[in-house]
Each structure stands twice: as C-alpha cells, then as structure tokens.
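Residue 169 in this note's numbering sits at position 52 of the sequence shown, with consecutive numbering throughout.
Glycine included, C-beta positions come from ideal geometry on N, C-alpha and C.
A short write-up of the structure that comes next.
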Amino acid sequence: MLSIEVGQRQTYIENLCFIIPLKPLRATPKVNFYSVEGVLEGLSGIDLVIHEPGGKSPLIAGNDTWFWYMHTDQEDKLVVHQGKRLVELYSKAHGQIEKFEVSQQGIKHNGETIYEGAAILGWGIHVFHRVHSPEGSLSTNYASRLNTFDINTNFNIYELNTQTGDYTVARIGALDQPK
Numbered sequence: 118m119l120s121i122e123v124g125q126r127q128t129y130i131e132n133l134c135f136i137i138p139l140k141p142l143r144a145t146p147k148v149n150f151y152s153v154e155g156v157l158e159g160l161s162g163i164d165l166v167i168h169e170p171g172g173k174s175p176l177i178a179g180n181d182t183w184f185w186y187m188h189t190d191q192e193d194k195l196v197v198h199q200g201k202r203l204v205e206l207y208s209k210a211h212g213q214i215e216k217f218e219v220s221q222q223g224i225k226h227n228g229e230t231i232y233e234g235a236a237i238l239g240w241g242i243h244v245f246h247r248v249h250s251p252e253g254s255l256s257t258n259y260a261s262r263l264n265t266f267d268i269n270t271n272f273n274i275y276e277l278n279t280q281t282g283d284y285t286v287a288r289i290g291a292l293d294q295p296k
C-alpha cells in the first residue's frame with residue numbers, strides 16, 4: 118500500500134494518474150469530515166456526476182460499445198462520495214490500460230488496495246478514461262481547465278485502439294450538451 122502524505126499529490130503511474138489523499142478534518146460519532154486540499158490551485162470547475170446502477174460512461178445512445186473520453190484541455194480529479202467507480206485509464210505514453218476501483222474507502226489498482234481512506238484519483242490531459250458503476254454512484258470531479266478549453270469538444274467520445282494508441286472521434290461532445 119502507498120504511503121502518501123495527506124493532502125499532497127503523488128504520481129502513481131507516470132504519464133497516467135496521481136492520487137491525493139483527503140485530509141481528515143474532524144471525526145464525531147458516525148460522522149467524518151475531510152478537507153479536499155490540493156485542488157484549489159487552477160480549479161476551473163466542480164462537476165457533480167451521478168451514475169445510476171449499471172451506468173457506463175461514455176456511451177452513445179443506440180450503440181452498445183463502451184467508448185472512451187479524452188480531454189485535451191482538462192485535468193480530472195475524481196472523488197467518489199457514494200458507491201464505487203470502476204475506472205479504466207490509458208495513455209499512449211504509458212501504452213496499456215490500467216484498472217482502478219475508487220470508493221469512499223479507498224483506491225484499488227487491479228484489485229489490490231493502493232490507498233486506504235478517502236482520496237482523489239486524478240489524471241491529466243490526453244489520458245483516455247472510461248467509468249463503470251455497477252451499483253450506481255455519486256462523485257465530484259474537480260476540473261482544472263487550460264485557457265484553450267472548449268465545452269463543445271471537451272466531452273468528445275472516442276473509439277480507441279489500445280494496441281496502437283490510434284483513435285477517432287465517435288461522437289462530438291457538443292451533441293450531448295443542453296441546448
């Protein structure tokens with residue numbers, strides 16, 4: 118298991134992801150408080166994401182393929198508040214898919230606990246990611262967006278060849294934005 122300083126960002130896999138443990142702030146009977154540190158600098162957005170049971174993201178209506186997201190101008194920092202998220206990450210620089218389970222209790226990598234306790238799993242720009250929530254889940258994403266960020270393309274959905282790293286846009290993100 119990793120030994121990480123609370124509230125400090127630590128690269129877990131180079132060119133792929135990092136972990137930021139949440140800082141315990143207060144504990145009372147049946148209630149725990151945590152400080153979400155290490156996210157304010159460069160923070161551009163806080164997104165609430167709700168997955169219904171069996172939720173997979175990204176999907177395209179009428180197509181059973183489980184596609185990928187990849188942000189060219191946004192770093193993601195995921196905190197799961199309820200349930201669990203099964204997260205797959207891939208970058209061409211890393212060259213293979215890595216599988217994580219993120220919950221309130223901690224972070225697992227390939228089924229092995231790498232951090233026990235409330236924590237952020239984050240990934241940088243150009244990292245392909247997709248998420249499955251078998252029982253449903255509630256999370257917050259703390260997003261850091263570059264000045265070149267474009268909401269119309271940020272959530273593009275990609276078809277990815279994980280053997281070569283080649284990818285194509287399967288659906289333009291703007292098509293799923295509110296009108």
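If you draw a straight line from the alpha carbon of residue i to that of residue j, how long is it in whole angstroms?
| i | j | result |
| --- | --- | --- |
| Leu119 | Ile231 | 5 Å |
| Leu238 | Thr281 | 25 Å |
| Ala260 | Pro146 | 32 Å |
| Arg247 | Tyr151 | 26 Å |
| Lys209 | Thr285 | 14 Å |
| Ile242 | Asn149 | 32 Å |
| Leu165 | Thr257 | 5 Å |
| Gln125 | Ile136 | 8 Å |
| Gly228 | Val153 | 25 Å |
| Gln222 | Asp283 | 35 Å |
| Ser220 | His198 | 7 Å |
| Lys296 | Glu192 | 25 Å |
| Val123 | Pro141 | 8 Å |
Taking all protein chains shown into account, decide if residue i is buried (16 or more other Cβ within 10 angstroms of its Cβ) or exposed.
| i | result |
| --- | --- |
| Glu276 | exposed |
| Asn273 | buried |
| Asp293 | exposed |
| Gly200 | buried |
| Leu139 | buried |
| Ile268 | exposed |
| Pro175 | buried |
Could you check how far apart the C-beta atoms of residue i and residue j are, in whole angstroms? I think they sit under 8 Å.
| i | j | result |
| --- | --- | --- |
| Thr270 | Gly290 | 6 Å |
Let me see if you follow: with CB-CB separation under 8 Å, is residue i close to chain B or not?
| i | result |
| --- | --- |
| Gly155 | In the displayed structure, chain B is absent; only one protein chain is listed. |
Practice problem: Output the residue ranges of the alpha helix (DSSP H) runs that lie fully inside the region 168-200 and measure 4 residues or longer, sorted by chain position. | Solution: none
Quiz item: Using 8 Å as the Cβ pair cut-off and three pairs as the minimum, do the region 251-258 and the region 164-174 touch?
Solution: yes
Self-check item: Whole beta strand (DSSP E) elements within the region 231-286, 3-residue minimum
Solution: 236-240, 245-250, 254-262, 274-277
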